[in-house]
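Chemist: Protein sequences, first through last, are from chains A and B.
Quick note on numbering: the numbering used here labels position 2 of the first sequence as 2, and the sequence is numbered without any gaps.
The numbering used here runs 1000 ahead of the 1-based position in the second sequence.
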Amino acid sequence: MRSRAFTFWSRAVEVSVLAVAICFSLGATDASARFANLSHRLYCTCGCAELLGECNHVGCPESGHELKELTAAIASGLSDQQILDGFAAKYGATMLAAPPTKGFDLVAWIAPFAVFAAALLGTILLIRRWGGLGGKKQTAAAGEAAAGDPAEQERMERIRRETGSDGGF
Amino acid sequence: MAAFGSFCLLIALALAAYNLFGGALALRLLATGQPTRVSPERLADTARRAGIAAFVAVTGAAFALIWSVFTNDFSITYILEHSNRALPIPYKFAALWSGQEGSLLLWAWLLGIYGFILRLRHKTDVRLYAYAGTILAGVQIFFLAILVWAAPPFALLPGYVAGGPVPADGNGLNPLLQYPEMVIHPPMLYLGYVGFSVPFAFALGALMMRYPGEKWIKITRTWTMVTWLFLTCGIFLGMHWAYAVLGWGGYWGWDPVENASFMPWLTGTAFLHSVMMQERKGMMKSWNVWLIFSTFLLTLLGTLLTRAGLVSSVHAFAQSSIGTWFVVFMCIVLAVCIFTYVLQRSHLKTEHHLESLVSRESSFLFNNLVLLTACFVILWGTLFPILSEYVEGSKVTVGAPFYNSVAVPIGLFLLFLTGVGPLLPWRSTSLKAIKRNFVLPSIVLWATVIVCFVAGVNPWKSGAFDQGSFYAMVAFALSTAVLTAILSEFFRGAAVIMRQTGRNLFAALWLLTRRNTRRYGGYLIHIGVVIVVVGLAGAAFNRSTEKEMAFHDQLDIGPYTLVQVGASQDANADFDSDYAVLDVYKDGKKVFRMTPERRFYHLGEGVQPQTMVAIHSIPEWDLYVVYEGINQDTNQPIIKAFLNPLVGWIWFGLAVIVIGTFVALVPSLTPATAALRVPGTQAAPIAPALKGGA
């Protein structure tokens, strides 16, 4: 049987994930916002190693016309992906500030989350194997069973225990 | 002096070799108990002394190089390429680490210093220290061998004969390195990098000798904390240097060299946390050993990545052909680690037992999970261009947008754990305790979200979803919640002491911290991290503007108005400079003056431009002004101004981290048996030391 603490945490995680998903799914897409977004997903090709949207150094031979091309591409109704593909085709894939999300380069995006998911699963399985999810009866709330104010007892006990030794965290 | 320096390196190599082989033989004899003519103890001691002598010899080599810089000995190629006569004295020292050969000599010298300290402290545990010293000698041999054969710092000019003509002046130091922080940033970073050799040596040595008990963990932990502190300071000093010198308004560009320093920091941080599981519960022994092995290997990998030219980096000065040496050495180290682990793994077997998912133990597991995932993400992003080129034949760029999308959420999760972990007790907790500990931080979290919206931090403000603002808002909210959680831990503990001893709040906090320096020092470090995160989150709201400014022209940014009141030129033996004088007004009142500058360093026959940024820093933001250049048509300076919110918090956070680490390194005041008198329970005596503690 699942502990109440586990249920509490499960619900908290569910709510958080839902909230984040809703946040990311909201939002309009006007031209200026798209311009700001896309100009920060491309590098200036002058060799300054700055994002296109941030490169306005003196005498830059590239950023001016590249920004104009970006404005024109947005106005022409192309999608973000089409615009990025167009720039990559014209100036080379290194202009993209992050790997494309297709072909082999998609691996760049998937691998970190796959590794994180695998590690998370591994950790949970490990905790389960070590008994952390095995339904063992909770024992630490000793103070709650004590006489007087149980919550206060537990807190005092914990502080006494943890400040009374050099045992680290 | 070149001959003396080369001789010192050769002698050091021979001594280190004796330390390794003599030490290994002695330890082998001690382990087998085989009767010999020479006492193994004496052999081990001579090996230890050889290690100390090797340090003296490397010091001699380092001295020879510095002497050569100060005496402008341009018959040495390294001095010719990295110094000149006009170089100011502090930067003459910086020449030691400004190039490949010198920086490797610095590495070997710092390793010698660490080894020297370790060998002097051998009486702590003679046998363990003998193992660690011997392993360290193996690492030292690698660096000395590179210095002798692959990257000799005392190589003379081609065709040079003693007493023959030498160039009148050197090429000078890279202007990017002519900044005060460059005198301390590389040594700090190297102290961090090199320092991880010591815990590695202890871990490997303890495994080899099947060290009984956990004492080696305590020894290693102190070394790791010191090393971690150096690496942390090195990374932050590098950030500040990039911010103040490169003139692009940022401090972290996810450059491969930055990534290379960050990866061992992450695994080292994971080790410092998970090692507590071993100390308290005897768990995760194999994991901890491999964490420290990985950290050491990552320091080598980082060096390989940047010096072998495998990935492009702004630190291109360090590129060379020594990559093969590092690959071979890494393979040897990995093979030794795997072999030793397989052979001795039975020694690391432990009884793992967890009582609850919601416990301090679990939080350490998740903390390690997140730190190592972050390390993987950075390693993956750094190496992916190579992988992509190999598979597809064309290179891709993995820049800030990738890391911001992948690493930032992981970092925020880590921040969440920073707050949650310390609130969870060991073994398990109750729902009641969770509610009690988390209600206040949760309220603060949501209150911060509301305040953010009210203050205009709204990810949907411009119509579309702004990822940067969203992450900033989450970071602010989590930071305040974590800060609340940590501070309430301090105040709860202090409240108990105040009740028991009648001390005031500050005295109680002081005593509380001294009674468990490790715990409360750790909390201080967490507070420092939170402050740093707040500073980093401010980057989401950076603003910048650029203008060609004639005399009395104005430039507006945020609440400031910059007025050009002068533009002039200056020159000295090292550089020429153009600069502008800008009066800064706020609410119609002149508040301060800034003089952004552009220098043109004389390097041999050529000239290299260098930006000198003017920064006015207050807690709210930095006004960051760059002299970009002169419009050749109008002869007017072009000024770029940035308003970077909360940047000062990053450097302040570092100061708190440093203080916290020092606190954690100080031994606690009272013995483990001391306990506070707690009302309602069996009265425990107050330790005598406690009475005079504050």
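Cβ coordinates follow ideal geometry from the N, Cα and C atoms, glycine included.
Assuming alanine 97/A and leucine 51/A are in contact, meaning their beta carbons sit under 8 Å apart, how far apart are those beta carbons, in whole angstroms?
Modeler: Translated into the one-based positions of the first sequence, residue 97/A becomes position 97. Translated into the one-based positions of the first sequence, residue 51/A becomes position 51. That belief holds up - the Cβ atoms of alanine 97/A and leucine 51/A are roughly 6 Å apart, short of 8 Å.
Chemist: Residues of chain B with a CB under 8 Å from the CB of glycine 96/A: which are they?
Modeler: Residue numbering aside, residue 96/A sits at position 96 when the first sequence is read from its first letter. According to the sequence displayed, residue 96/A carries leucine and not glycine. The answer, in chain order, is Val1396, Thr1397.
Chemist: Starting from the C-beta of tyrosine 1243/B, find all residues in its chain whose C-beta is less than 6 Å away, skip the five residues before and the five after it, and write them out in chain order.
Modeler: Mapped onto the second sequence, residue 1243/B falls at position 243. Excluding sequence neighbours, tyrosine 1243/B sits near Tyr1251.
Chemist: Go ahead and pull the three-state DSSP assignment for methionine 1/A.
Modeler: Position 1 of the first sequence holds residue 1/A. The predicted position of methionine 1/A is uncertain, since its pLDDT is 46 and thus under 50; no value can be drawn from it.
Chemist: In whole angstroms, give me the CA-to-CA distance for valine 948/B and threonine 1134/B.
Modeler: Outside the shown range of chain B (1001 to 1694) lies residue 948/B, about which nothing can therefore be said.
Chemist: Which residues mark the beginning and the end of the beta strand (DSSP E) in which arginine 1503/B is found?
Modeler: On the second sequence, residue 1503/B is found 503 positions in, with the first residue counted as 1. That residue, arginine 1503/B, is in no beta strand (DSSP E); it is neither H nor E in DSSP.
Chemist: Using 8 Å as the Cβ pair cut-off and three pairs as the minimum, do the segment 1318-1337 of chain B and the segment 1389-1399 of chain B touch?
Modeler: No, the segment 1318-1337 of chain B does not touch the segment 1389-1399 of chain B.
Chemist: Got a sec, what are the start and stop residues for the alpha helix (DSSP H) threonine 1227/B sits in?
Modeler: Along the second sequence, read from residue 1 onward, the residue named residue 1227/B stands at position 227. Run containing threonine 1227/B: 1215-1245, per the alpha helix (DSSP H) assignment.
Chemist: For chain B, check one thing: does any of its Cβ atoms lie closer than 8 Å to the Cβ of proline 99/A?
Modeler: What you label residue 99/A is simply residue 99 of the first sequence in a count that begins at 1. It does: the Cβ of proline 99/A has a partner Cβ on chain B nearer than 8 Å.
Chemist: Over what stretch of residues does the alpha helix (DSSP H) that includes alanine 1024/B continue unbroken?
Modeler: Counting from one through the second sequence, the residue named residue 1024/B turns up at place 24. That run of the alpha helix (DSSP H) goes 1002-1032.
Chemist: Taking proline 1401/B as the query, report the chain A residues whose CB atoms sit under 7 Å from its CB, ordered along the chain.
Modeler: Working through the second sequence from its first residue, we reach residue 1401/B at position 401. The contacting residues are His40, Arg41, Ala97, Ala98.
Chemist: Let me see if you follow: with CB-CB separation under 8 Å, is isoleucine 127/A close to chain B or not?
Modeler: On the first sequence, residue 127/A is found 127 positions in, with the first residue counted as 1. Chain B, which has a Cβ nearer than 8 Å to the Cβ of isoleucine 127/A, makes this yes.
Chemist: With a threshold of 8 Å, are at least 3 pairs of Cβ atoms found where one atom belongs to the segment 1341-1349 of chain B and the other to the segment 1417-1424 of chain B?
Modeler: Output reads no: the segment 1417-1424 of chain B does not touch the segment 1341-1349 of chain B.
Chemist: Nearest-angstrom Cα distance between cysteine 55/A and valine 1377/B?
Modeler: Within the first sequence, numbered from 1, the residue matching residue 55/A stands at position 55. Within the second sequence, numbered from 1, the residue matching residue 1377/B stands at position 377. Straight-line Cα distance between these residues: approximately 27 Å.
Chemist: Thinking just about the alpha-carbon of each residue, which of Leu1383/B, Ile1076/B, Thr1124/B is nearest to the one in lysine 1218/B?
Modeler: Position 218 of the second sequence, counted from the start, is the residue given in the question as residue 1218/B. Of the candidates Leu1383/B, Ile1076/B, Thr1124/B, the one whose C-alpha sits nearest the C-alpha of lysine 1218/B is Thr1124/B.
Chemist: What does tryptophan 1392/B reach in chain A if we use C-beta pairs closer than 8 Å?
Modeler: Within the second sequence, the letter at position 392 stands for residue 1392/B. Note that residue 1392/B corresponds to glutamate in the displayed sequence, not to tryptophan. Here the neighbours are Gly103, Phe104, Asp105.
Chemist: Below 8 Å, how does it come out for the segment 1398-1409 of chain B and the segment 1438-1452 of chain B: are there three or more Cβ pairs, yes or no?
Modeler: The answer is no - the segment 1438-1452 of chain B does not touch the segment 1398-1409 of chain B, with fewer than three Cβ pairs under 8 Å.
Chemist: With a threshold of 7 Å on Cβ separation, who are the neighbours of isoleucine 1011/B within its own chain once the five nearest residues in sequence on each side are excluded?
Modeler: Within the second sequence, numbered from 1, the residue matching residue 1011/B stands at position 11. These residues qualify, in order along the chain: Ala1057.
Chemist: Taking the Cβ atom as the reference point for each residue, do tyrosine 1160/B and glycine 1205/B lie within a distance shorter than 8 Å?
Modeler: Sequence index remark: in the second sequence, residue 1160/B carries index 160 (1-based). Sequence index remark: in the second sequence, residue 1205/B carries index 205 (1-based). No, the pair does not count as a contact, with Cβ atoms beyond the cut-off.
Chemist: Does glutamate 1081/B have its Cβ less than 8 Å from a Cβ in chain A?
Modeler: Against the second sequence, residue 1081/B aligns to sequence position 81. It does not: the Cβ of glutamate 1081/B has no partner Cβ on chain A nearer than 8 Å.
Chemist: Kindly indicate if chain B contains any beta-carbon less than 8 Å away from that of glycine 131/A.
Modeler: To locate residue 131/A, count along the first sequence from 1; it is residue 131. Judged by the 8 Å Cβ criterion, glycine 131/A is in contact with chain B.
Chemist: Kindly indicate the opening and closing residues of the beta strand (DSSP E) around isoleucine 1615/B.
Modeler: Locating residue 1615/B in the second sequence gives position 615, counting from the first residue. Unbroken beta strand (DSSP E) run through isoleucine 1615/B: 1614-1617.
Chemist: Let me check one thing: in DSSP terms, what residues is asparagine 1631/B bridge-paired to?
Modeler: Along the second sequence, one-based indexing puts residue 1631/B at 631. Paired residues: Gln1636/B.
Chemist: For the segment 1325-1357 of chain B, which residues have a beta carbon sitting closer than 9 Å to at least one beta carbon of chain A?
Modeler: Residues passing the 9 Å Cβ filter: His1352, His1353, Leu1354, Glu1355, Ser1356, Leu1357.
Chemist: Report back the beta-carbon spacing between leucine 1478/B and isoleucine 127/A to the nearest angstrom; my notes put them in contact at under 8 Å.
Modeler: Residue numbering aside, residue 1478/B sits at position 478 when the second sequence is read from its first letter. Residue numbering aside, residue 127/A sits at position 127 when the first sequence is read from its first letter. Actually they are not in contact, since the Cβ atoms of leucine 1478/B and isoleucine 127/A sit about 24 Å apart, beyond 8 Å.
Chemist: Could you work out which residues of chain A lie near valine 1406/B, taking near to mean beta carbons separated by less than 7 Å?
Modeler: In the second sequence, counting from the first residue as 1, residue 1406/B sits at position 406. Those within 7 Å of valine 1406/B in chain A are Pro112.
Chemist: Determine the DSSP secondary structure at proline 1153/B, reduced to helix, strand or coil.
Modeler: As a working note, residue 1153/B is residue 153 in the second sequence. Three-state DSSP puts proline 1153/B in coil, outside helix and strand.
Chemist: Taking the alpha carbon of glycine 1558/B as the reference point, which residue from Asn1542/B, Ala1580/B, Leu1030/B has its own alpha carbon closest?
Modeler: Along the second sequence, read from residue 1 onward, the residue named residue 1558/B stands at position 558. Per the Cα distances, Asn1542/B.
Chemist: Report the partner residues of alanine 1641/B according to the DSSP bridge assignment.
Modeler: Translated into positions along the second sequence, residue 1641/B becomes position 641. DSSP lists Thr1545/B, Val1625/B as partners of alanine 1641/B.
Chemist: Compare the C-beta of glycine 1159/B with all C-beta atoms of chain A and state if any pair is closer than 8 Å.
Modeler: Residue 1159/B sits at position 159 when you count from the first residue of the second sequence. No, its Cβ sits nowhere closer than 8 Å to a Cβ of chain A.
Chemist: Serine 32/A: buried (16+ other C-beta within 10 angstroms of its C-beta) or exposed?
Modeler: Indexing the first sequence from 1 puts residue 32/A at position 32. Its Cβ having fewer than 16 others within 10 Å, serine 32/A is exposed.
Chemist: Under 8 Å: do the segment 1196-1216 of chain B and the segment 1645-1652 of chain B share three or more Cβ pairs, one atom per stretch?
Modeler: Taking 8 Å as the limit for Cβ pairs, the verdict is that the segment 1645-1652 of chain B does not touch the segment 1196-1216 of chain B.
Chemist: Mind listing which residues of the segment 1192-1221 of chain B have their C-beta closer than 8 Å to chain A's C-betas, in chain order?
Modeler: Taking 8 Å as the Cβ-Cβ cut-off against chain A, none of the residues of the segment 1192-1221 of chain B qualify.
Chemist: Is the distance from the Cβ of lysine 1586/B to the Cβ of tyrosine 1560/B below 8 Å?
Modeler: Against the second sequence, residue 1586/B aligns to sequence position 586. Against the second sequence, residue 1560/B aligns to sequence position 560. A contact, by the Cβ cut-off of 8 Å.
Chemist: Indicate the three-state DSSP secondary structure (helix, strand or coil) for serine 1577/B in the structure shown.
Modeler: The sequence position of residue 1577/B within the second sequence is 577, counting from 1. Serine 1577/B falls in the strand class under three-state DSSP.
Chemist: Output needed for asparagine 1019/B: all residues of its chain with C-beta closer than 6 Å, excluding positions within five of it in sequence on either side, in chain order.
Modeler: Along the second sequence, read from residue 1 onward, the residue named residue 1019/B stands at position 19. Cβ within range, chain order: Ala1047, Ala1050, Gly1051, Ala1137.
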